[in-house]
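Have a look at the structure below, then the notes.
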Amino acid sequence: MSKTNETSHVVVRENINLTDEERQIFSRLLQVVDHFKLETQLRVAGGWVRDKLLGKECNDIDIALDNMMGSEFCEKVNAYLASTGEKTQGFGVRKSKPEKSKFLETANMHIFYVSIDFVNLTSKPMEFGSAEQDAYRRDLTINSLFYNIQTCLIEDFTGRGLDDLKNGKIVTPLPPKEMFLEDPLRVLRAVRFSVKFEFEMVKELKVAAADNDVKSAFCSDKISRERIGREIELMVSGNRPVKAIECICEIGLFWDVFRLPQNLEPPLLETCVGYMDAAWILMNANGGFTFSDEQRRLYLYAALFLPLRKTMRGDYKKQTISAVTHIFKHSLKLGRSDGEDVVKLHNAVDRFSSMIPFIVSSEYLKPVEVDWELDMVDVPNSLKLRFLLGIFSRLLQVVDHFKLETQLRVAGGWVRDKLLGKECNDIDIALDNMMGSEFCEKVNAYLASTGEKTQGFGVRKSKPEKSKFLETANMHIFYVSIDFVNLTSKPMEFGSAEQDAYRRDLTINSLFYNIQTCLIEDFTGRGLDDLKNGKIVTPLPPKEMFLEDPLRVLRAVRFSVKFEFEMVKELKVAAADNDVKSAFCSDKISRERIGREIELMVSGNRPVKAIECICEIGLFWDAFRLPQNLEPPLLETCVGYMDAAWILMNANGGFTFSDEQRRLYLYAALFLPLRKTMHGDYNKQTISAVTHIFKHSLKLGRRDGEDVVKLHNAVDRFSSMIPIIVSSEYLKPVEVDWELDMVDVPNSLKLRFLLGLLLNEIKDFWRPALLLSIMLMKDSTVESKIGVFKKVEEEILKLGLDKVWEVKPLINTRDIMKLLELKNGGPMVGEWQRKVTQWQLAYPSGNVEECIEWMMKQTQLKLLPNT
-12 MSKTNETSHV
-2 VVRENINLTD
8 EERQIFSRLL
18 QVVDHFKLET
28 QLRVAGGWVR
38 DKLLGKECND
48 IDIALDNMMG
58 SEFCEKVNAY
68 LASTGEKTQG
78 FGVRKSKPEK
88 SKFLETANMH
98 IFYVSIDFVN
108 LTSKPMEFGS
118 AEQDAYRRDL
128 TINSLFYNIQ
138 TCLIEDFTGR
148 GLDDLKNGKI
158 VTPLPPKEMF
168 LEDPLRVLRA
178 VRFSVKFEFE
188 MVKELKVAAA
198 DNDVKSAFCS
208 DKISRERIGR
218 EIELMVSGNR
228 PVKAIECICE
238 IGLFWDVFRL
248 PQNLEPPLLE
258 TCVGYMDAAW
268 ILMNANGGFT
278 FSDEQRRLYL
288 YAALFLPLRK
298 TMRGDYKKQT
308 ISAVTHIFKH
318 SLKLGRSDGE
328 DVVKLHNAVD
338 RFSSMIPFIV
348 SSEYLKPVEV
358 DWELDMVDVP
368 NSLKLRFLLG
378 IFSRLLQVVD
388 HFKLETQLRV
398 AGGWVRDKLL
408 GKECNDIDIA
418 LDNMMGSEFC
428 EKVNAYLAST
438 GEKTQGFGVR
448 KSKPEKSKFL
458 ETANMHIFYV
468 SIDFVNLTSK
478 PMEFGSAEQD
488 AYRRDLTINS
498 LFYNIQTCLI
508 EDFTGRGLDD
518 LKNGKIVTPL
528 PPKEMFLEDP
538 LRVLRAVRFS
548 VKFEFEMVKE
558 LKVAAADNDV
568 KSAFCSDKIS
578 RERIGREIEL
588 MVSGNRPVKA
598 IECICEIGLF
608 WDAFRLPQNL
618 EPPLLETCVG
628 YMDAAWILMN
638 ANGGFTFSDE
648 QRRLYLYAAL
658 FLPLRKTMHG
668 DYNKQTISAV
678 THIFKHSLKL
688 GRRDGEDVVK
698 LHNAVDRFSS
708 MIPIIVSSEY
718 LKPVEVDWEL
728 DMVDVPNSLK
738 LRFLLGLLLN
748 EIKDFWRPAL
758 LLSIMLMKDS
768 TVESKIGVFK
778 KVEEEILKLG
788 LDKVWEVKPL
798 INTRDIMKLL
808 ELKNGGPMVG
818 EWQRKVTQWQ
828 LAYPSGNVEE
838 CIEWMMKQTQ
848 LKLLPNT
């Protein structure tokens, strides 16, 4: 039941509907009170009550205690957990700071993974009080409501909180000036809630907010700048940021909030707010721009402070900083990073303004003169605009600044892909006279000299024993990840660009783009020709190169398949050579590197062709190494299944699988012949051969192997149910063990029940599993298989089983423990959770009471009375 006020159109609920999670949390708190026989009243305070009554979600739960500190109650919670054998929880305490108008000590603890704040009720600063006294000390009447957990009642001690909520009024419990002088931050909170809910600030409150005494208190040290900054953040990130700033202007607090350095003349308020308003309108026009929350926030700050973008001042450390940086660093205490990002936005505004006329020709855009010689090497006029926007300019600035003799070259894949007209985001910079980490340090030294923010960088060490000879440093330049490596002549030694080119895996990957000269360099003399002619060739004799790093065999296969290039005969012979195979099977390359190459092939554009090539050179069971003493299945069977799965997946316009579904679907098809093969793991556990391949042979992690095994299990279970769903001449009915793992299910719902159990286990992978099952159907065409898939899919959707795994259980863990009279969880609780899920599948229209009644009959327990 809810009421609507005709004037304000605010809908306020008569009561509070708790979620299962909230019931679970409150139940735990009451258990603590009961266990220690505490006389404490537990009340949820403020914002949570307000938002619940407005029908909004709220994750901030503040528990007010009437006779103890929050930290004391947290200790009681932990003592209770210890008594039940459960894991205790750490908790933090934020001390009160009365000199900064922060009067409450707050303890924070996680209850069932939800962050809860515990505070004591107060009558006046730093003293315990009753709930009524505390209500009158809260900032606004709409925030002074309590929800009593013991009585399940809403408590409105000011006598007007509910009415103000219904009527859309922003009112203080006591005279506003008195409350604002005690804590001036309440002014900003009044503004924020007024704007957020579109409520009206009453006249008395507006007058008090603009009072000179209140303004003096606001400008004093009575409240910390951090608290001011947090309120502003919530407004700018909120639903009506421009309106919030306008309200702050109306009560005359704008420059008190966004405090400028002394002796700086502030710009006109109308200009600041006008820019922000224009930016807001533009951002939301035509359906709105898809900015992230962070982009939106900094965009609005940048608009608000545009008039200050060229205003500088001397910092207290005798450094010159922008006024904008001062506001973020000192006035709002939001940290240096935000201020720097807004300054970058301002700098970009001016630079874009100088370039836009050259990009767009329009009557309302007048050309702006650009200093084209600024920080530039000799670049063709046609490329100067692009160059200004590029990463390479920054790298050249570093070289010029330190007068380095280093030649900067982009190496390998980026050059190859650019020449093929493809996009490539992997930029590797090869350095001829220093390590990558040294150059990254130079970049940071340059950034520091220009007053820009330095960048962290990581270093991946070389591992020559695993055929990884290059140390690689990685750094972000203009938000793009760049790898820096040194040129080598042979393992672990510096070399020239020509020597390095001959050490690269393939001629098409041995090309360089010289950033200084803007020229493509082909030191092997055949890289460009092989790229044009579609040839996969090694710079040096292939056997020699494969023995040095056997992974090059897989890379040759991958690029051959990816670009549909031809591996030359000499390379194929070397790849199949016994010495190369022995090196591949040794510890010369890590299994992780093999796994990464296989991943790129299976995720690529022609995965079946890639696997066929690996088979042709005789490396399949060396790549997908099985445990010893296991007889491998026929290669033709593995590849045949994968080929059939690929054809079926791409038939009839293709299935819309996600990248992850597609990848695991193909692995599952490839390893279908191994789905029932088990072996003893080195931990003396029996695991499937498929799990072994993922865990040990490819080092792709346990999760992928487990998901493929689940797909295999689902294939067999789907195969037993498909005949019951679809009648066809090529489908013979298969006996299903209907009693397996079942509650008492009506015959008419048994199919739904079994399908639901399966989908609960396989989740979003049910379509790939179903397609694999149908692929195994014999004597049927691709078209007929697709028809069967669509029929089964339609039936699953009709039964309401898609996303069935997201359905919440009618009875949660806490209720189960209560019904079973258990103090601790354990296997029995897990078993009953599973049974409740089964019951819901068997009785989709059942409710909580029916489920409890069924459970009572099963356990012969009596229903506990409600408390």
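Just so you know, this note's numbering puts 680 at position 693 of the sequence shown, and the rest follows in order with no gaps. We put the beta carbon where it would ideally sit given N, CA and C, even for glycine. Nothing here was measured: the structure is a model prediction, and the numbers come from that model.
query: Where the alpha helix (DSSP H) through A94 begins and ends; result: Not the alpha helix (DSSP H): A94 falls in the beta strand (DSSP E), residues T93 to I98.
query: The region 636 to 653 in contact with the region 678 to 687 per 3-pair CB rule at 8 Å; result: no
query: Residue from P831, T109 and A610 whose Cα sits closest to the Cα of N54; result: T109
query: Beta-carbon contacts of E213 that lie in its chain and below 8 Å, excluding the five residues immediately before and after; result: K320
query: Distance cut-off 7 Å: Q384 Cβ against heavy atoms of the ligand NAP; result: The model depicted lacks the ligand NAP and carries no ligand whatsoever.
query: Alpha carbon of F241 to alpha carbon of T312, nearest angstrom; result: 17 Å
query: Cβ contact (3+ pairs, closer than 8 Å) linking the region 200 to 209 and the region 168 to 188; result: yes
query: Cβ-based neighbour list, E218, same chain, cut-off 7 Å, excluding 5 preceding and 5 following; result: L172, L175, R176 and R179
query: Run of the beta strand (DSSP E) containing E62, from where it starts to where it stops; result: Where E62 is concerned, there is no enclosing beta strand (DSSP E), although the alpha helix (DSSP H) it sits in stretches over G57 to S70.
query: Contact belief for Q28 with N135 at Cβ below 8 Å, rounded distance in angstroms; result: 7 Å
query: Inter-residue Cα distance where the pair is F642 and M636; result: 6 Å
query: Top-ranked residue by Cα proximity to C262, from P228, F276, L406 and L745; result: Residue 262 is actually Tyr in this sequence, not Cys. Minimum Cα distance to Y262 is reached at P228.
query: Sheet register partners of V101 (DSSP bridge); result: I98
query: Among L687, N592 and I634, nearest to F611 - alpha-carbon criterion; result: L687
query: Exposed unless 16 or more other CB atoms sit within 10 angstroms - verdict on Y466; result: exposed
query: Simplified DSSP state of A265, which is helix, strand or coil; result: helix
query: Through-space distance from S224 to G239, alpha-carbon basis; result: 22 Å
query: CB of R396 within 8 Å of CB of I495, strictly; result: no
query: Limits of the beta strand (DSSP E) - the one that T307 falls within; result: T307 to S309
query: Among D404, V794 and L291, nearest to G326 - alpha-carbon criterion; result: L291
query: Simplified DSSP assignment, three categories, for E647; result: helix
query: Buried versus exposed, by CB contacts within 10 Å (16 or more), H699; result: buried
query: From A310, K331, I464 and K297, residue whose alpha carbon lies closest to that of S380; result: I464
query: Contacting residues, own chain, Cβ-Cβ under 8 Å from L434 (five flanking each side not counted); result: K440, T441 and Q442
query: Chain-order list of residues whose beta-carbon lies under 8 Å from that of W633 (same chain, five-residue window excluded); result: P594, V595, L653 and A656
query: Delimiting residues of the alpha helix (DSSP H) encompassing N747; result: K737 to I749
query: Start-end ranges of the alpha helix (DSSP H) lying completely within the region 375 to 460, minimum 4 residues; result: 379 to 388, 400 to 406 and 423 to 436
query: C-alpha gap between D126 and E237, whole angstroms; result: 20 Å
query: Residue of R403, D703 and S767 minimising C-alpha distance to I749; result: D703
query: Cut-off 6 Å between Cβ atoms - residues of its own chain near Y288, not counting five sequence neighbours on either side; result: V329
query: Three-pair Cβ contact test at 8 Å for the region 812 to 822 versus the region 763 to 776; result: no
query: E808, DSSP secondary structure in three states; result: coil
query: Cβ-based burial, R124 [other Cβ within 10 Å; buried from 16]; result: buried
query: Rounded C-alpha distance that separates V544 from E531; result: 17 Å
query: Between the CA atoms of M56 and E62 - distance to the nearest angstrom; result: 10 Å
query: Host beta strand (DSSP E) of T673 (start-end); result: T673 to S675
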